[in-house]
Structure formats: C-alpha cells, structure tokens
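Trainee: One structure follows; several queries about it will come next.
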Amino acid sequence: MILFEQVSKVYSDQHVALDKVDFHLKKGEMAFLTGPSGAGKSTLLKLISLMDRPTSGRIVLNGNNISNLKGNDIPYLRRHIGMIFQDHRLLMNRTVLENVGLPLLIEGYNRHEIKRRSLAALAKVGLNGKENSFPIHLSGGEQQRVGIARAIINHPPLLIADEPTGNLDPKLSLEILNLFESLNKLGISVLIATHDLGLVAKMRYRTLTLREGNMINDGLLRKRNA
Ligand code: ADP
Ligand code: ADP
C-alpha cells in the first residue's frame with residue numbers, strides 16, 4: 005500500500021526533515037507513526053498525501069510509483085487516500101451531512117447519491133441521527149468522527165491521520181482509535197501519526213518511530229537502536 009525506499013526530504017533551508025527512510029505498509033495493515041515533535045511525522049504524511057514531494061528516494065502508493073507522476077494524476081491519486089487531521093477541518097456553517105458529502109459534491113455526484121452515501125458513512129462512524137446537526141453542537145469526539153466519515157466517503161483503500169486524538173481526552177482518544185481499528189477490519193489500510201505513546205502502547209500495533217528524520221524503530225517493542 006505504501007512503500008518508501010531511501011526517501012529523503014530536505015527543505016529549502018537545507019533542513020533534513022527525513023533522512024533515507026525505508027518502510028513498507030502492507031495492504032490491509034494498520035500502524036502507528038510516532039516520535040517527538042519535529043521528528044518528521046507530518047513531513048512523511050505530506051509525502052504520502054502528495055502535498056509535498058521527496059527530495060530523493062522512491063515512493064510507491066497502491067502500486068503507483070509517485071516519482072513519475074504528472075501533475076494531473078495527483079487529484080486522482082489523492083482521492084484514494086482518506087486524510088484525517090487533528091483539528092478535523094470541518095466547515096462550521098455546514099451541517100454534518102453537508103460536511104461528509106463535500107468530497108462527492110466536488111466530484112459532481114447527484115444529491116440523492118450524496119445523501120445516501122453520506123448517511124451510510126455516518127452510520128459507519130456511529131453518528132446515526134446527527135446528520136442535520138451543525139459541528140459546533142457536537143462534542144470533540146463526534147466532530148472527529150465526522151472528519152473520519154468524510155475521509156471514507158470515497159472508499160479509499162488507505163487512511164492517514166495526523167494527530168487525530170490531539171484534542172481529545174484519553175477515553176475519547178481510545179474510542180477514536182477503536183473506530184480506526186474497526187475500519188481497518190473492513191480492509192482499509194491505516195497509518196496514524198501520534199506522539200501519544202501511552203495510547204500507542206494500549207493498542208499493540210506495529211509502530212514506526214522517527215527521530216530527527218531517521219526511522220529508528222519499526223515494530224511492537226520500542227527498543228532504542230544504537
Ligand atoms: P513532526 O510532525 O514530527 O513534528 P515535521 O515533519 O513537522 O515534524 O517537521 C520535521 C522538521 O522539519 C522540523 O525540524 C521542522 O521544523 C522542519 N520543517 C517542517 N516543515 C518545514 C518547512 N516547510 N520548511 C523548513 N523546515 C520545515
Ligand atoms: P456505495 O458503495 O454506493 O458508496 P455503500 O453503502 O457500500 O454505498 O457505502 C456507503 C459509505 O460507506 C461509503 O460512502 C463509504 O464511506 C463507506 N464504505 C462502504 N464500504 C466501505 C469500504 N469497504 N471501505 C471504506 N468505506 C466504505
């Protein structure tokens with residue numbers, strides 16, 4: 005699903021944010037990406053979501069080598085990646101249903117189909133009956149669920165989440181991670197960036213650890229490589 009081979013990202017100020025990173029997330033796999041602030045987690049996710057390009061190395065996404073991408077392939081490939089953000093990025097002046105259906109509206113689906121699929125996506129995240137609410141009237145955990153429903157509306161094979169529980173208390177955080185787990189069981193590959201090691205430890209999933217742009221660990225145990 006995601007293959008990184010010797011991927012480096014050097015920003016224009018010569019800062020090395022990722023240094024020859026290798027990893028492979030298999031189809032249907034769920035993993036965490038962790039490391040202290042500044043380790044390169046967001047940079048890595050931006051390369052996967054095609055918001056930025058690597059300086060060197062090879063990235064293969066869902067069988068597509070993205071080093072050879074043409075500009076007009078990008079929107080198409082991006083549609084196959086569901087993205088979830090810490091601040092969920094909902095439109096506060098739109099209902100839950102409108103927020104969830106937005107990706108389909110942009111693609112020109114008809115109203116009936118948008119509503120049907122949006123309600124189905126809301127059911128999948130446990131938000132039945134909330135479709136006409138405005139996000140401001142929902143709890144933080146519910147708002148994040150709306151963000152997840154919007155991310156799965158296109159049936160992406162891959163979900164990537166950047167600190168999805170950053171604004172939630174421990175109980176709600178665990179609920180959100182359990183939701184990712186249930187989506188993973190449907191066959192969706194999931195990569196979750198978080199610096200919450202307590203939460204990661206509770207879940208017992210593969211954990212990729214970055215430090216200063218280097219992948220220093222890949223596995224369940226968080227041993228320190230010399
Ligand atoms: P994390 O998500 O793990 O906190 P980031 O990927 O955001 O880490 O950042 C990794 C490093 O790259 C940090 O030192 C950060 O300051 C730097 N960095 C991030 N974005 C840019 C940029 N656009 N230009 C220059 N340096 C950047
Ligand atoms: P349709 O296939 O016509 O979109 P479904 O009832 O199968 O309708 O799905 C409704 C919603 O449920 C979709 O918009 C999507 O968000 C979610 N969904 C269904 N199946 C999957 C799946 N395998 N992976 C991810 N999301 C799914």
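For the numbering used here, add 4 to where a residue sits in the sequence shown, where the first one is 1. Where a beta carbon is used, it is the ideal one built from N, C-alpha and C, also for glycine. Nothing here was measured: the structure is a model prediction, and the numbers come from that model.
#1: Reducing DSSP to helix, strand and coil, say where Gly-86 ends up.
#2: In its own chain, which residues sit with a C-beta less than 7 Å from the C-beta of Ser-71, not counting the 5 before and 5 after it?
#3: Going by Cα to Cα distance, which pick from Leu-131, Phe-36, Met-5 is closest to Asp-222?
#4: Could you please give the first and the last residue of the uninterrupted alpha helix (DSSP H) stretch that includes Arg-120?
#5: Measuring only the C-alpha atoms, how far is Gly-144 from Val-14?
#6: Contact between the region 99 to 112 and the region 168 to 176: three or more CB pairs below 8 Å?
#7: If you draw a straight line from the C-alpha of His-141 to the C-alpha of Val-100, how long is it?
#8: Please classify Ile-156: does DSSP put it in a helix, a strand, or coil?
#9: Tell me which same chain residues have a C-beta within less than 7 Å of the C-beta of Glu-167, skipping the five on either side of it?
#10: Report the residue from Ser-12, Leu-162, Ile-180, Ile-156 whose alpha carbon sits nearest the alpha carbon of Asp-56.
#11: Output yes or no for whether 7 Å exceeds the beta carbon distance between His-92 and Gln-10.
#12: Between which two residues does the alpha helix (DSSP H) holding Ser-137 run?
#13: Thinking just about the alpha-carbon of each residue, which of Leu-7, Leu-49, Gln-18 is nearest to the one in Ala-165?
#14: I believe Leu-131 touches Glu-146 by the beta-carbon criterion, under 8 Å. Please report the beta-carbon distance rounded to the nearest angstrom.
#15: When DSSP labels each residue in this structure, what does Lys-175 get in the three-state scheme?
Mentor: The structure says:
#1: Of the three classes helix, strand and coil, the one that applies to Gly-86 here is strand, per DSSP.
#2: Arg-62, Ile-63
#3: Phe-36
#4: 115 to 128
#5: Computed Cα separation, rounded: 35 Å.
#6: As far as the Cβ criterion goes, the region 99 to 112 does not touch the region 168 to 176, which means the pair count is below three.
#7: Cα to Cα, His-141 sits roughly 10 Å from Val-100.
#8: Note: Ile-156 maps to helix in three-state DSSP.
#9: Gln-90, Ala-197, Thr-198
#10: Ser-12
#11: Not in contact: His-92 and Gln-10 (Cβ atoms no closer than 7 Å).
#12: Neither: Ser-137 is in no alpha helix (DSSP H) and is coded neither H nor E.
#13: Closest option to Ala-165, Cα to Cα, is Leu-49.
#14: 6 Å
#15: helix
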